[in-house]
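Numbering (our numbering), first residue to last: 796 to 1032. We treat Cβ as the ideally placed atom computed from N, Cα and C, and that holds for glycine. It should be emphasised that the depicted structure is a prediction, and the values quoted were computed from it without experimental measurement.
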Ligand SMILES: [Zn+2]
């Protein structure tokens, strides 16, 4: 059956001399597609089947591996391909969202990824977008932070953000106090609609604090360890 699908190329695997197998994440699921001759630079399939491309694919659909008939690019993320930090960030988000999608086949994950890499390409604070997506993906892993009240007693007099309790703690339950701006910022990360975000002005001090918190949270609870995050962070200097 011939079918048209829109999606993001999340993996390319070399196949025979000139072909490749691509994995495409779409709103309707993950597709494996053979793209014959697509490794040749002059092939009409070359660009649209490259890693990170957001394209419309016309395929002969089969159960295991479909075959690509034609492809047209919707967005090749030109700014990202020219900028090593943006490319590092988007590559990491592709890896992260693919891992989360394997644990929870929710089509929201595809939308989050597409919106995130589109915003990064448009030039909004790269680390900010990465961190927002990391926080918003937690609910699909069953690890959402509690940012409505003190996790231990339900009080609203919040003084800190706790790794061990996965959320806010109040002054009766914790002796530590965290900068109020950080406590507000993590809540914004959790709630903001990325598609409506046009600018993101936060000091590096707060950004880096939350980035470290998120890294520690992921390493403590998710079981996901992604070299691509370390690589992206190394690019930030
Ligand atoms: Zn409390």
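With a threshold of 16 other CB atoms inside 10 Å of the CB of residue 967, please say whether the residue is buried or exposed. exposed
Evaluate residue 1015 with the Cβ neighbour count: other Cβ atoms within 10 Å of its Cβ, from every protein chain shown; 16 or more gives buried, anything less gives exposed. exposed
- Task: Report yes if the CB atom of residue 852 is closer than 8 angstroms to the CB atom of residue 912, and no otherwise.
- Result: no
Q | As assigned by DSSP and simplified to three states, the class of residue 948 | A | coil
Going by CA-CA distance only, name the one from 879, 798, 932, 956 that's closest to residue 1004.
956
task = Give me the Cα-Cα distance between residue 939 and residue 931, rounded to the nearest whole angstrom.
result = Answer to the nearest angstrom: the Cα atoms are 8 angstroms apart.
Residue 988: which of 970, 972, 914, 897 sits nearest, CA to CA? 914
ask   = Using CA coordinates, which residue listed in 902, 895, 880 is at the minimum distance from residue 916?
value = 880
- Item | Boundaries (first-last residue) of the alpha helix (DSSP H) holding residue 846 | Per DSSP, residue 846 belongs to no alpha helix (DSSP H) and is neither H nor E.
Original post:
For ligand 1, which residues count as neighbours when the test is a C-beta closer than 6 angstroms to any heavy atom?
Top reply: Result (chain order): 945, 947, 948, 950, 964, 965, 967, 968.
ask   = In the DSSP assignment, what are the bridge partners of residue 825?
value = Paired residues: 820.
- Message: Report the CB separation of residue 995 from residue 920 in whole angstroms; it is logged as a contact under 8 angstroms.
- Response: 4 angstroms
* Rounded separation between residue 958 and residue 1010 - CA only -> 11 angstroms
Q. Expressed to the nearest angstrom, what Euclidean distance is found between the alpha-carbon atoms of residue 805 and residue 991?
A. 24 angstroms
* Asked: What distance in whole Å lies between the Cβ atoms of residue 856 and residue 798, which are believed to be in contact at a cut-off of 8 angstroms?
  -> 5 angstroms
- prompt: Taking contact to mean at least 3 C-beta pairs separated by less than 8 angstroms, is the region 897 to 904 in contact with the region 933 to 949?
  reply: yes
Let's see if you can read the secondary structure: which residues bound the beta strand (DSSP E) around residue 809? 797 to 810
Query - Heavy atom of ligand 2 within 7 angstroms of residue 898 beta-carbon - result: Questions concerning ligand 2 fall outside what the structure shown contains, since the ligands it does hold are ligand 1.
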